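Its first residue numbered 1, the sequence shown is counted upward by one per residue in full-length UniProt numbering.
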Amino acid sequence: MDLPIDPRIVAFAGPPPSHIDLDANTATSDRAAIIAILILALVAITLRFTARAVQRTRAHLDDWIIVLGMILVGGTAGLAIAGGFYGAGKHIWAVEMGDLQQIYKILFAYTFLYSASCAVIKISILLFYRRIFPSTEPFFRVTMIFGYFLSFSYPVVIWVTMGNACRPFEHFWTQFAGTQGSCIDINTFFLALGIVNMVNDFYILLIPIPQIFQLQMSLRKRLGITGIMLLGGFVCAASAVRIHFLAELTKTTNVTRAMGPIFIWSDLEPCIAIVSACLPHLAPLRHILRQKLSSVFGADGTGSGTETVTGGKVWKDVGSNSNGPLFTYGGSKYFGGGERLRLGDHDDEVELTNRVTAGPGKTDIRCGSSNKTEDRSKPEIHVQTSHTQTRERRA
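1) Spatial neighbours of C271 within its chain, please: CB distance less than 8 Å, with the 5 preceding and 5 following residues excluded, ordered by chain position.
2) Please classify A24: does DSSP put it in a helix, a strand, or coil?
3) Does G147 pass the burial test, meaning 16 or more other C-beta atoms within 10 Å, or should it be called exposed?
4) Is the beta carbon of T252 closer than 7 Å to that of K90?
5) Check the C-beta distance from F108 over to M162 and give it rounded, since I have them as a contact under 8 Å.
6) Are I103 and A13 touching if we call contact CB-CB under 7 Å?
7) Would you say A119 and Y86 are within 7 Å of each other, going by their C-beta atoms?
8) So does the region 57 to 66 actually touch the region 119 to 137, counting three or more Cβ pairs closer than 8 Å?
9) Does I212 pass the burial test, meaning 16 or more other C-beta atoms within 10 Å, or should it be called exposed?
10) What number of angstroms, rounded off, separates the C-alpha of L22 from the C-alpha of E96?
11) Excluding sequence positions up to five away, which residues of its chain have a Cβ less than 8 Å from the Cβ of L150?
12) Quick check on DSSP: helix, strand or coil for K251?
13) Taking DSSP as the reference, what is the three-state secondary structure of A32?
14) Use the C-beta contact count for H287: other C-beta atoms within 10 angstroms, 16 or more gives buried, fewer gives exposed.
15) If you measure between the beta carbons of L79 and I35, is that distance less than 7 Å?
16) Does DSSP put A80 in a helix, in a strand, or in coil?
17) How many Å lie between D364 and A240 at the Cα?
18) Return helix, strand or coil for S320, following the three-state DSSP convention.
19) What does DSSP give as the partner residue(s) for K90 in the beta ladder?
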C-alpha cells in the first residue's frame with residue numbers, strides 16, 4: 001500500500017497489526033459469489049414460470065410476490081457490489097475516509113432493501129401455504145396470521161430503528177470523521193435482528209408440516225412433500241452463518257474487511273429462500289423429465305391401456321400408440337383425444353389437489369381394455385389426491 005493511512009481511521013481503528021497484508025482485497029471473489037447466487041435465484045424463478053406455462057395455468061399472487069422479492073434482492077446485490085468498489089472487503093487501514101463514508105451510506109440503504117426482500121419472500125411463501133392448504137382449522141389460521149405478523153413487523157422495526165439510529169441522521173456515515181453526534185450500537189442491533197430473522201425462518205418453515213401429515217395419502221408421499229418443504233432449512237443454515245459474521249463484526253474495528261462476508265451471506269440467504277420457495281412449484285417439470293426419460297429408456301410402444309387401483313389411488317397407463325397427447329401428473333397418466341389435457345387454474349402444483357381438464361369437444365378416456373368417447377361441452381376430470389382421494393367427472 002503506497003498511500004499513507006488516514007490518521008482519522010487510525011484514531012477509530014487503532015494502528016494496523018503488523019501481520020496483515022494491507023493490499024488484500026476480497027471484493028472480486030465477493031462479487032463473483034453474489035452474482036452466482038443471484039443467477040441461481042433467477043433460474044429458479046424462470047423455471048417456476050416455465051412450469052406455469054407447461055401447466056397452462058395463470059400465475060398466482062404468490063408467484064408475482066416472489067418476483068417482487070427477486071427485484072429487491074437484485075437491489076441488495078447491486079448495493080453489495082457497489083460496496084466492494086468502495087472498499088468493502090479491504091482492511092480498513094487501506095480505505096480512504098471518503099470511501100468509508102460511502103460504504104456506510106450503502107450499508108444504510110442496503111438495510112432497508114434487505115429487510116424488505118426478506119419480508120416479501122416470506123409473504124409469498126405464506127400465500128402459497130394458504131393456497132394449497134385452504135384449511136379452516138383455528139390452529140392453522142392462527143399460525144398463518146402470526147406468520148404474517150412476523151413477516152410484516154420485521155422490516156417495519158428495522159426501518160423505524162434505522163431512521164432514528166443516529167443523531168444527527170447523517171452521523172451514521174460521518175461518525176468516523178470525528179463529527180459530533182451519537183448512534184445506537186448498530187452492530188449489536190444488526191446481530192439481534194439476524195437472530196430474530198432466523199427464528200422467523202424456522203417458524204415459517206414448520207407451519208405446513210401438521211397440514212401435510214393430515215393428508216389422506218401414502219406416508220411415502222407425505223414424507224416426500226415434507227422433504228421438499230423442509231429444503232427451506234438451507235435458509236436457516238444461511239441465516240446461522242450470517243449471524244456468525246455479524247457477531248464477528250461486533251468484535252472488530254476492521255469493519256470494512258468484515259463486511260465482505262456479511263454482504264455475501266446477506267444476499268445468499270434471500271436467494272436460497274427464493275430457490276426453496278420455487279422448488280415445490282417445479283413438479284410438472286420433473287414429471288415431464290421423467291416421462292421423457294421413460295420414453296427413451298423404458299417405452300415399448302405397445303399396449304392398449306390399463307387401470308389399477310392401489311391404496312385408493314387410480315393409476316392409468318395408456319399405450320403410446322393411442323391417438324392424442326398424453327399428460328402425466330401426480331403419478332397418474334391421462335389420455336386426451338382431441339385436446340391437450342391441462343391442469344386447472346385453481347389447482348396446486350405440489351400434487352395435493354389436482355384438476356386435469358381437456359378442451360371442448362370429444363375426449364377419449366381409456367381405462368383398462370375399454371375405450372370410451374364422450375361428447376362434452378365442458379369436459380373435466382377432477383382428481384383430488386389429498387383429502388378424499390376421489391375422482392369425479394362433470395358433464
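For every residue, glycine included, the Cβ atom is placed at its ideal position computed from N, Cα and C. These figures come from a predicted structure and were not determined experimentally.
To lay it out plainly:
1) So the list reads I37, L38, L40, A41 and V73, once near-sequence residues are dropped.
2) Note: A24 maps to coil in three-state DSSP.
3) Buried, because 16 or more other Cβ atoms sit within 10 Å of the Cβ of G147.
4) Contact: no.
5) About 7 Å separates the beta carbon of F108 from that of M162, a gap short enough to meet the 8 Å contact definition.
6) Taking the C-beta atoms as reference points, A13 is found no nearer than 7 Å to I103.
7) Between A119 and Y86, the C-beta spacing is not below 7 Å.
8) Yes, they touch.
9) Counting Cβ neighbours within 10 Å, I212 comes out buried, since at least 16 surround it.
10) Using only the alpha carbons, I get a separation of about 13 Å.
11) Cβ within range, chain order: K122, N200, Y203 and I204.
12) It is coil, neither helix nor strand.
13) Reduced to three states, the DSSP call for A32 is helix.
14) Result: buried.
15) Going by C-beta atoms, L79 is not nearer than 7 Å to I35.
16) In the displayed model, A80 falls within a helix according to three-state DSSP.
17) In this prediction, D364 has a pLDDT of 41, which is less than 50 and means its spatial position is unreliable; what the coordinates show is noted afterwards. So the two alpha carbons sit approximately 54 Å from each other.
18) For S320, the predicted model reports a pLDDT of 44, less than 50, meaning its position is unreliable and no value from the coordinates is stated.
19) Per DSSP, N25 and A88.
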